[in-house]
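The next block holds one structure in the form of structure tokens; read it before the comments.
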Ligand code: PMP
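Numbering (the working numbering), first residue to last: 181 to 550.
Written as structure tokens, this is what we have:
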């Protein structure tokens, strides 16, 4: 630590993203990315013309991109904010609407970045315990004295809160801001987006990093009441007006318009998830029913941390969390059908050593066609 770091940042706890080792090729299932490529329209959009455009600053208002997002989601451009990933969009929400010391509530089991933001912005965070089965009880949030953020579907569980419950929460607390992080909502098929333009205290945040297969371009957006978006843009122009570059926006416009491709990728991932979940269950895993692009699971016969390490030796990256309530589990992102077959076989081999071959249901072999 240098002598220049300001005191308030000295006990900051930076977020730890999923590792990206480069020592050999891996099947990368540790950061809920997609293994599929972006829409073919993105390949066409990154033309030589876009490279010529690099000489000039991109439009800081992101008009064309916001207009494209607005059209696809049935809202107006004034109700859309775009940023460098959902992470930056969330950061602008907190920067715009939270003072140091302000209260923020979120579930104790959720996306780890909320804790990091709360520390970065000096917020008074309170973590509300989820139920024993990891579900969120909306009643716990009904009468709070501060603003609320949660992910729906939640990460790392993949569980959802019904949209009707979220609407009840938003309606009953008009003076509380409710931020719903819908990073995985394309996989659940349930969304609060229409509510975000109906209620002035709801902000919905989305990303292109998952279902649009574009984590590398890092695009996120928020939909909310036009006053909220105007405030966020004011803050953006006071911090980093050019938060999205021209190449990224060209890619984003092409991707957002290709709703057919989005749907087909989501369908493939959901089918692979259900097939993989069934295979894990046949091997004796406990798997939380997930509505996202990952599963959260454990096996009684093998420690999840050890399984994570063993899979890494086999060239497969998964995510194990050290937190007390999560350590029993392993989060496995859903890749392509072929990748999941490799993962099933690798897990089966590891389990064979742990519990003996006869304990594992042979139907797995039928399932992977081995
Ligand atoms: N929200 C949730 C719930 C996430 O799991 C993630 C990614 N891990 C993000 C936001 C970040 O998305 P982005 O890549 O757009 O910053």
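Where a beta carbon is used, it is the ideal one built from N, C-alpha and C, also for glycine. Fair warning: this is a prediction, and the values are worked out from it, not measured in the lab.
Query                                                                                                                                                                                               : Result
Exposed or buried, which one is residue 236 when buried takes at least 16 other CB atoms within 10 Å?                                                                                               : exposed
Would you kindly work out how many angstroms separate the C-alpha atoms of residue 449 and residue 514, rounded to a whole number?                                                                  : 7 Å
Considering only heavy atoms of the ligand PMP, list every residue whose Cβ is less than 6 Å from one of them, following chain order.                                                               : 212, 265, 266, 267, 291, 331, 335, 361, 363, 387, 389, 395, 398, 400
Would you check if the distance between the CB atom of residue 264 and the CB atom of residue 426 is smaller than 8 Å?                                                                              : no
If you run the structure through DSSP and keep just helix, strand and coil, what is residue 242?                                                                                                    : coil
Could you tell me if residue 166 is buried or exposed, where buried requires 16 or more neighbouring beta carbons within 10 angstroms of its beta carbon?                                           : In this structure the chain extends from 181 to 550, so residue 166 is not present and cannot be described.
Leaving out five residues before and five after residue 535 in sequence, what residues of the same chain have Cβ atoms less than 6 Å from its Cβ?                                                   : 481
Starting from the C-beta of residue 345, find all residues in its chain whose C-beta is less than 6 Å away, skip the five residues before and the five after it, and write them out in chain order. : 318
If contact is defined by three or more beta carbon pairs under 8 Å, each pair taking one atom from either stretch, is the region 376-392 in contact with the region 358-368?                        : yes
Taking the alpha helix (DSSP H) that residue 280 belongs to, which residues open and close that run?                                                                                                : Per DSSP, residue 280 belongs to no alpha helix (DSSP H) and is neither H nor E.
How about residue 462 and residue 258: do their beta carbons lie closer than 8 Å?                                                                                                                   : no
Which residue's Cα is closest to the Cα of residue 395: 184, 503, 218, 309?                                                                                                                         : 218
Should residue 495 go down as buried or exposed, given a rule of 16 or more other Cβ atoms within 10 Å for buried?                                                                                  : exposed
Could you tell me the boundaries of the beta strand (DSSP E) in which residue 456 lies?                                                                                                             : Residue 456 -> not in any beta strand (DSSP E); alpha helix (DSSP H) instead, spanning 439-462.
On the three-pair Cβ rule with 8 Å, is the region 208-226 touching the region 429-442?                                                                                                              : yes
To the nearest angstrom, how far is the alpha carbon of residue 339 from that of residue 411?                                                                                                       : 32 Å
Excluding five sequence neighbours on each side, which residues of the same chain lie with their C-beta closer than 8 Å to the C-beta of residue 327?                                               : 277, 278, 282, 283, 284, 285, 356, 357, 358, 359
Put residue 305 into one of helix, strand or coil per three-state DSSP.                                                                                                                             : strand
Buried or exposed: which applies to residue 186, given that a residue is buried once 16 or more other Cβ atoms fall within 10 Å of its Cβ?                                                          : exposed
If you follow the beta strand (DSSP E) that residue 341 is part of, which residue opens it and which one closes it?                                                                                 : No beta strand (DSSP E) holds residue 341; DSSP gives it neither H nor E.
Check whether the region 206-218 and the region 517-530 are in contact - that is, three or more C-beta pairs closer than 8 Å.                                                                       : yes
In chain order, what are the residue ranges of uninterrupted beta strand (DSSP E) at least 3 long that sit wholly in the region 310-376?                                                            : 327-331, 358-361
Does the Cβ-Cβ distance between residue 457 and residue 446 come in under 8 Å?                                                                                                                      : no
Would you check if the region 366-385 and the region 498-508 touch, i.e. whether three or more CB-CB distances between them fall below 8 Å?                                                         : no
Going by CA-CA distance only, name the one from 397, 393, 404 that's closest to residue 380.                                                                                                        : 404
Starting from residue 382, follow the beta strand (DSSP E) in both directions and report where the run begins and ends.                                                                             : 382-387
When you compare only the Cα positions, how much space is there between residue 550 and residue 192?                                                                                                : Bear in mind that the predicted position of residue 550 carries a pLDDT of just 38, short of 50, making it too unreliable to give a figure here.
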